[in-house]
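Residue numbers (the numbering used here): 1 to 603.
Yeah, the Cβ is synthetic: ideal placement off N, Cα and C, and Gly gets one too.
Note sheet for the following structure.
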Ligand SMILES: Nc1ncnc2c1ncn2[C@@H]1O[C@H](COP(=O)(O)OP(=O)(O)OP(=O)(O)O)[C@@H](O)[C@H]1O
Ligand SMILES: [Mg+2]
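Written out as C-alpha cells, the structure is:
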C-alpha cells in the first residue's frame, strides 16, 4: 500500500506539456454532448446570475426607491423565473461534469487494461506492480477530475469574469475598469496560495507513505530488528520522518488558514475602492444606489470562480503528469506481437526445435547462447539444474512468453512466429511453480482451461486430476469460492486444480514448473497420476524437483549456465557419475530415503 502511494507521488514535476493537455481534452471531447452540455449550462447559469443581480438593481432603483408597486411585482416575477433558470443550469452542469469525468475515467481504465493484456512479459519485468496500480487508480481519477471539474471550472471562471465585467460595463464603465484592475491581483495571489498549499500537502503525503513503509518494515521484521539491535537507529529515523511530516502539515494548515482571509482582504479593498469611487459617481448622478449595490454583488460573485480557477491551476500540473503516465502506458508497444499474416495453428503437434537460440532479458546479460535442442513429438523432457541456470527461461521461450533474441524455434518444421500468439497460447498448457487461482468458484477456475467446456467435462477433468475427492468434501463442492474470502486451499490442492485446468484444455504441449515445497505423500501420488494423465501422448517439459517425475521422463536435461551439460535417461545419467549424479545424490537422497521408508520406490 505504502509503495503504491509512493509511486503515485513520484516523478511529478513535469513540464507543462501541451500535447498531453490536448490529448486529455480529446478524451473529454469524445463525449462532446456532455462537454457542450456543460459549457452551455455554465454560460446560461452565469448569464442568469448576472441578470439576477441586474434585476436586483432595478428592484431597488425602479421598484423600491421609485415606490412603484406594479413595477415591483413585475420584477419579482422575473426574479423568480431567473432564479429557477439558475437552479436548472446548476443542475445541468453538475450532471454533465460528473458524467464526463466518469466516462473519461472509464475510457482510460479500459484502454489501460486492454493494453496490459496485450503487453509482453518483458514489460512487466521492467515495471513494478505498484506503478501500474497507481496508473489504473489514482491517475485515472485525477485525469477524470481534471476534465470534469478542473478544465471546466477554468472555463467557468473565465466565462464568469468576462460575463460579470460585461454586465458591470452596462452600469458604469469606469467602475468596471477598477474591478478589472483588482481581479488579476486576486487571481495571482489565489494561485500562489493554492500552489504552496499543494506542495506542502504533497510533502505530507509523501512522508506519510514513507512512515507507513517504516511501520511495515519494523513490524514484519521485528525479529531481525531486535537481533541486529537496530531499535535505536530505527527510532531516530522514525522521529526524523514524523518531524518532517509534522512541519509540512503545520505549514499546510497555516497557509490554508491564511488563504480565505487573504482573498477576502483583497476583495474588500476592491469593494471599498468601488464604494468610494461609486459614492462620488452617485453624487454626479452617474450611478444609482441599486447600481452600486449590484457592483458589490458582482464582485462577491466573482470570488468563487476566481478561487476555483486558482485551485484548478494548482492541481492541473499534477493531473497533466498523471495523464502523461497514463498515456505512456497506453502507448507502450508490446514486444511480442503477431507477425503480419500470422496464422492460427490447427495444432502444435510435431517436433520442437531450438535452432541456435540466443536469449537475454537485459542487454549485456545473455542467458542462452547458441542453444540447440530437438524434442520429439510426445517426448517427456525433465529439466534439472541449479537455480538461475535457465530452466524457466527455456520453458518461457517454448510458451512464447518471450521470443528468442537470435536464432529461432521451430514447431513441426515451422518458425513458431508464423503462428498467432493466441493460437500458441491456447495449444500450450502451463502449470506454474506457484499456480494462480482467480477469485471465483472452483468450477470457474477449472473452466479457465477451456471456457466452452460443459460441467461434465469440468468434473471429468477434475476426476482425472485427482481433485474430485477433495472438491466433493468441501461444503459447496464445485461451487466453493476460492481466493480472498473463500476456502483456503493447500499448495497441493491448488496444483491439482491447475492440473485439472490443463487436462481440460487438452493442450498439444504441456509445461510444468514443479513446486519445490513438499506436499504430503498422498497428494504427491495424486499429482503424479494427474501429471501422467495430462502428459500422455503430449510433448512435455517439466522443470522437475520430484524424483518420481524425473524417473518417468524420456530424457533428462541437466542445465547449467544456459547450456545442456548432460542429457539422457535417469539410469544412463547415474551411470555417468557426472553432474546429474552429483545433484541426485545431494538433492534427492533425502527424498529417496523417504520413499524407501514408505515403500513407494519402484526399483
Ligand atoms: N524476468 C527476468 N528479468 C531479468 N532477468 C531474469 C528474469 N528471469 C530470469 N532472469 C535471469 O535469467 C537467468 C536464468 O533464470 P531462470 O529463471 O531461467 O533460472 P531457473 O533455472 O529457472 O532457476 P530456478 O531454479 O531458481 O527457477 C538468471 O540469471 C536470472 O537472474
Ligand atoms: Mg525457474
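Which of helix, strand or coil DSSP assigns to residue i
i: residue 382; result: strand
i: residue 157; result: helix
i: residue 19; result: helix
i: residue 387; result: coil
i: residue 296; result: helix
i: residue 597; result: Confidence in residue 597 is poor, its pLDDT being 41 and thus under 50, which makes the residue's placement too unreliable to answer from.
i: residue 429; result: strand
i: residue 451; result: coil
i: residue 488; result: coil
i: residue 126; result: helix
i: residue 414; result: strand
i: residue 211; result: helix
i: residue 274; result: helix
i: residue 336; result: coil
i: residue 603; result: Note that residue 603 scores a pLDDT of 32, beneath 50, so its modelled location is shaky and nothing firm can be said.
i: residue 537; result: coil
i: residue 604; result: A question about residue 604 goes unanswered here, because the residues of the chain that appear run from 1 up to 603.
i: residue 506; result: coil
i: residue 228; result: coil
i: residue 475; result: coil
i: residue 193; result: helix
i: residue 286; result: coil
Rounded distance between the beta-carbons of residue j and residue i, thought under 8 Å
i: residue 393; j: residue 367; result: 5 Å
i: residue 143; j: residue 24; result: 6 Å
i: residue 343; j: residue 419; result: 6 Å
i: residue 494; j: residue 437; result: 6 Å
i: residue 608; j: residue 446; result: The displayed coordinates of the chain run from 1 to 603. Any statement about residue 608 would go beyond what the structure contains.
i: residue 305; j: residue 423; result: At roughly 58 Å, the Cβ-Cβ gap does not stay under 8 Å, so residue 305 and residue 423 are not in contact.
i: residue 410; j: residue 357; result: So it is not a contact: roughly 10 Å between Cβ atoms.
i: residue 163; j: residue 47; result: 6 Å
i: residue 270; j: residue 182; result: 4 Å
i: residue 86; j: residue 127; result: 49 Å between Cβ atoms; not a contact.
i: residue 576; j: residue 567; result: That pair is no contact at about 10 Å.
i: residue 259; j: residue 193; result: 5 Å
i: residue 132; j: residue 116; result: 7 Å
i: residue 167; j: residue 277; result: The Cβ separation is near 18 Å, so there is no contact.
i: residue 395; j: residue 374; result: No, residue 395 and residue 374 are not in contact; Cβ-Cβ is about 16 Å, not under 8 Å.
Spatially closest choice to residue i from the options, by CA coordinates
i: residue 146; options: 321, 122, 95, 576; result: 321
i: residue 63; options: 98, 246, 535, 290; result: 290
i: residue 274; options: 178, 335, 285; result: 178
i: residue 450; options: 581, 128, 504; result: 504
i: residue 74; options: 444, 325, 89, 56; result: 56
i: residue 433; options: 336, 442, 496; result: 496
i: residue 253; options: 539, 200, 299; result: 200
i: residue 545; options: 352, 441, 265, 584; result: 584
i: residue 293; options: 303, 279, 283, 284; result: 279
i: residue 219; options: 134, 335, 234; result: 234
i: residue 412; options: 527, 41, 378, 172; result: 378
Residues bridged to residue i [DSSP beta-bridge criterion]
i: residue 419; result: 343
i: residue 365; result: 362
i: residue 71; result: DSSP lists no partner for residue 71.
i: residue 256; result: Looking at the DSSP assignment, residue 256 forms no beta bridge with any residue, so it has no partner.
i: residue 513; result: 543
i: residue 371; result: 357
i: residue 406; result: 358
i: residue 441; result: 481
i: residue 557; result: 383, 567
i: residue 352; result: 375, 411
Residue i beta carbon near ligand 1 (any heavy atom closer than 7 Å)
i: residue 544; result: no
i: residue 392; result: yes
i: residue 500; result: no
i: residue 387; result: yes
i: residue 361; result: yes
i: residue 367; result: yes
i: residue 125; result: yes
Ligand 2 heavy atom lying under 7 Å from the CB of residue i
i: residue 561; result: no
i: residue 331; result: no
i: residue 513; result: yes
Within-8 Å CB hit, residue i to chain D
i: residue 117; result: Among the chains of the structure shown, chain D does not appear; only one protein chain is present.
Proximity test, residue i beta-carbon vs ligand 4 heavy atom, cut-off 7 Å
i: residue 313; result: This structure lacks ligand 4; its bound ligands are ligand 1 and ligand 2.
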